[in-house]
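Asks: End of the sequence shown sits at 413 in my numbering; the numbers just go up one at a time, nothing left out.
Using N, Cα and C, we set each Cβ at its ideal position, and we do this for glycine too.
All values derive from a computational prediction rather than experimental measurement.
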Amino acid sequence: MDDINLHYRFLNWRRRIREIRDVRAVRYRERLKRMLRDGDILRYHGNSDEVGCFVAARPLSRRNRYFEVTIVDTGVRGMIAVGLVPQHYKLDHQPGWLPHSVAFHADDGKLYNGNTVGQQFGPKCCRGDRIGCGVSLDSDDGQLTVFFTKNGKEVGSVEVPASPEAFYPAVGMHSLGEEVLLDLNAEWGVEEDDGQMIVDSHEEDWSRLHDVKVTGTLLEYVGKGKSIVDVGLAQARRPLNTRFHYYELEITDPGEKCYIALGLARRDYPKNRHPGWSRGSIAYHADDGKLFQGSGVGDAFGPRCFEGDMMGCGIMFPRDYSLDAGDDVDDWDFDVIPKPSEVQNDLYANNEEEEEEEEGEDLEGRKVTVFFTRNGKVVGRRDVALPVGGLYPTIGMMSTGEKVKVDLHPLSG
């Protein structure tokens, strides 16, 4: 009976993953009109009588709260705008012209805050200038502090009402020849007296980093990459639990060999061992598609993964698994944030007729089901013993140039 229940729960998980993929296909889709995008380059593609506008696929969040645009060409009039708008902003209007939007305009240096009449704000911008826009983390009282930068220096800020909708990075153009370079993963810091810049690296998300550099949500391998002892390891600060039970990475650069591994490991896992190689770990390896579970010899498991592929890993906990109340929710979006007590995993929504856990039961060695995904589709699963303290998201890299972008809470937004 347990096997039958697990089978149906696994099928439910596969349905859940498909639903998430379908929702994201709609929700996280960039929008643009009278513009052409070529990689990170945006070009105006109109007749100068009509506005062209680009709205990014994802809103700003705590983990990605700033973006930049570099002016490659000002075109005829240099009417380039950089700012924040709601997801379904009308694309025939410059950012900042309509309610719930705000933008800095390069041609006149004015700030437009939900109005077609701008206010003097900063200097004009020309070819080669870098315009940035972000949100301060100390926003409260129903207000958000939106700030703008030029060439790495803050121009000014403005308080805007917190919209019921999230704020999405937006770029507007309005004349022939205008072209910009878009960087949606830019980082913003403050300069100290010694001229060094402190970057918001998000290192607090990771308890252990070995030969891995963190820049926002991007992990970059910085080790030697010469032998199997040159593993770079990143282990998250918190284990997976019933509230945050799944995480993902995107391969942004496979490097020389794409020796990238995604999985789970005990807290005291050796720093120079790929996830899956040693006891208390399990991992899906991108270079060969094999699954490694506490052994240096992998089993055929799924397809290989390449640049642009999304790899995911999660746990299906028993329905009577007790959540450690010490886990905190430290992530936020401008979307509505679920209350910490709400169940995020639909595996726990139908909990009737389950026997209560015996008081004092030791969870050491208890079986859980670990599953892996590739581009939103379940690749496979394995039953593993849950060590004391839980299993922590752990990523390994081992060849020069490898970079991945990590989302530790993809199902919570």
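(1) Report the rounded CA-to-CA distance for Val102 versus Phe167, giving the unit in angstroms.
(2) Less than 8 Å separating the beta-carbons of Met311 and Glu248?
(3) Between Gly280 and Ile315, what straight-line distance do the alpha-carbon atoms span, to the nearest angstrom?
(4) Output the distance between the C-alpha atoms of Thr373 and Lys110, rounded to the nearest integer angstrom.
(5) Helix, strand or coil, according to DSSP, for Asn113 in the structure here?
(6) Quick one: using the 10 Å Cβ neighbour count with 16 as the cut-off for buried, is Pro161 buried or exposed?
(7) Pull the bridge partners of His210 from the DSSP assignment, please.
(8) Bridge partners of Val370, per DSSP?
(9) According to DSSP, what are the bridge partners of Gln143?
(10) Under a three-way DSSP split, which group does Asp309 fall into?
(11) Which partner residues of Asp38 appear in the DSSP bridge assignment?
(12) Measuring CB to CB, does Ala236 end up less than 8 Å from Ala261?
(13) Whether or not the region 41–60 and the region 148–157 are in contact is what I'm after, with contact meaning three or more pairs of Cβ atoms, one per stretch, closer than 8 Å; do they touch?
(14) To the nearest angstrom, report how far apart Asp288 and Arg266 are at their CA atoms.
(15) CB-CB under 8 Å to Asn115, same chain, minus the five flanking residues each way: which ones, in chain order?
(16) Within a Cβ cutoff of 8 Å, which residues of the same chain sit near Ser491, ignoring the five residues on either side of it in sequence?
(17) Here's the rule I'm using: 16 or more other beta-carbon atoms within 10 Å means buried, otherwise exposed. How should His274 be labelled?
(18) Taking the alpha carbon of Leu251 as the point to measure from, which residue in Phe292, Thr217, Phe147 has its own alpha carbon closest?
(19) Relative to the alpha-carbon of Arg127, which residue among Pro169, Thr70, Phe148 has its alpha-carbon at the smallest distance?
(20) Tell me which residue opens and which closes the beta strand (DSSP E) that Val69 is part of.
(21) With burial defined as no fewer than 16 other Cβ atoms inside 10 Å of the residue's Cβ, what is the status of His88: buried or exposed?
(22) Alpha carbons only, please: which of Thr74, Ser278, Arg29, Asp92 is nearest the one belonging to Arg130?
(23) Identify, in the order they occur along the chain, each residue of the same chain with its Cβ nearer than 6 Å to the Cβ of Asp253, setting aside the five sequence neighbours on each side.
(24) If you follow the beta strand (DSSP E) that Asp107 is in, where does it begin and where does it stop?
(25) Which residue comes first and which comes last in the beta strand (DSSP E) that contains Thr217?
(26) By a C-beta neighbour count over all protein chains shown, 10 Å radius and 16 as the cutoff for buried, is Glu342 buried or exposed?
(27) How is the beta strand (DSSP E) around Val55 delimited, first residue to last?
(28) Tell me which residues share the same chain as Arg304 and place their Cβ nearer than 7 Å to its Cβ, disregarding the 5 neighbours each side in the sequence.
Replies: Well, looking at it:
(1) Between the alpha carbons of Val102 and Phe167 lies a gap of roughly 10 Å.
(2) Yes, these two residues count as a Cβ contact at 8 Å.
(3) The alpha-carbon atoms of Gly280 and Ile315 are separated by roughly 15 Å.
(4) For Thr373 and Lys110, the distance between alpha carbons rounds to 47 Å.
(5) Correct three-state label for Asn113: strand.
(6) Exposed: under 16 other Cβ atoms inside 10 Å.
(7) Leu233.
(8) Val370 has Ile315, Arg382 as its beta-bridge partners, per DSSP.
(9) Beta-bridge analysis with DSSP links Gln143 to Pro161.
(10) Coil.
(11) According to DSSP, Asp38 bridges with Ile41.
(12) With respect to the 8 Å criterion, Ala236 and Ala261 are not classified as neighbours on the basis of their beta carbons.
(13) These segments do not touch.
(14) Distance between the alpha carbons of Asp288 and Arg266 is about 23 Å.
(15) Gly96, Trp97.
(16) Because the chain here runs from 1 to 413, residue 491 falls outside it and cannot be looked at.
(17) Under a 10 Å Cβ-count criterion, His274 is classified as buried, with 16 or more other Cβ atoms of the shown protein chains found around its own Cβ.
(18) What sits at residue 251 in the sequence shown is Ile, not Leu. Checked all of Phe292, Thr217, Phe147; the closest Cα to Ile251 is Thr217.
(19) Here the closest residue by C-alpha is Thr70.
(20) Per DSSP, Val69 belongs to the beta strand (DSSP E) from 66–74.
(21) Around the Cβ of His88, a 10 Å sphere holds fewer than 16 other Cβ atoms; the residue is exposed.
(22) Looking only at Thr74, Ser278, Arg29, Asp92, the smallest Cα-Cα distance to Arg130 is reached by Thr74.
(23) The answer, listed in chain order, is Gly401, Lys403.
(24) According to the DSSP assignment, Asp107 belongs to no beta strand (DSSP E), since it is labelled neither H nor E.
(25) Per DSSP, Thr217 belongs to no beta strand (DSSP E) and is neither H nor E.
(26) Confidence at Glu342 is low in this model, with a pLDDT of 33, below 50, so the placement of that residue should be treated as unreliable; the coordinate-derived value is given next. Glu342 comes out exposed.
(27) Run containing Val55: 52–55, per the beta strand (DSSP E) assignment.
(28) In chain order, Ala286, Asp287, Asp288, Gly289 place their CB closer than 7 Å to the CB of Arg304, counting only its own chain and leaving out the 5 sequence neighbours on each side.
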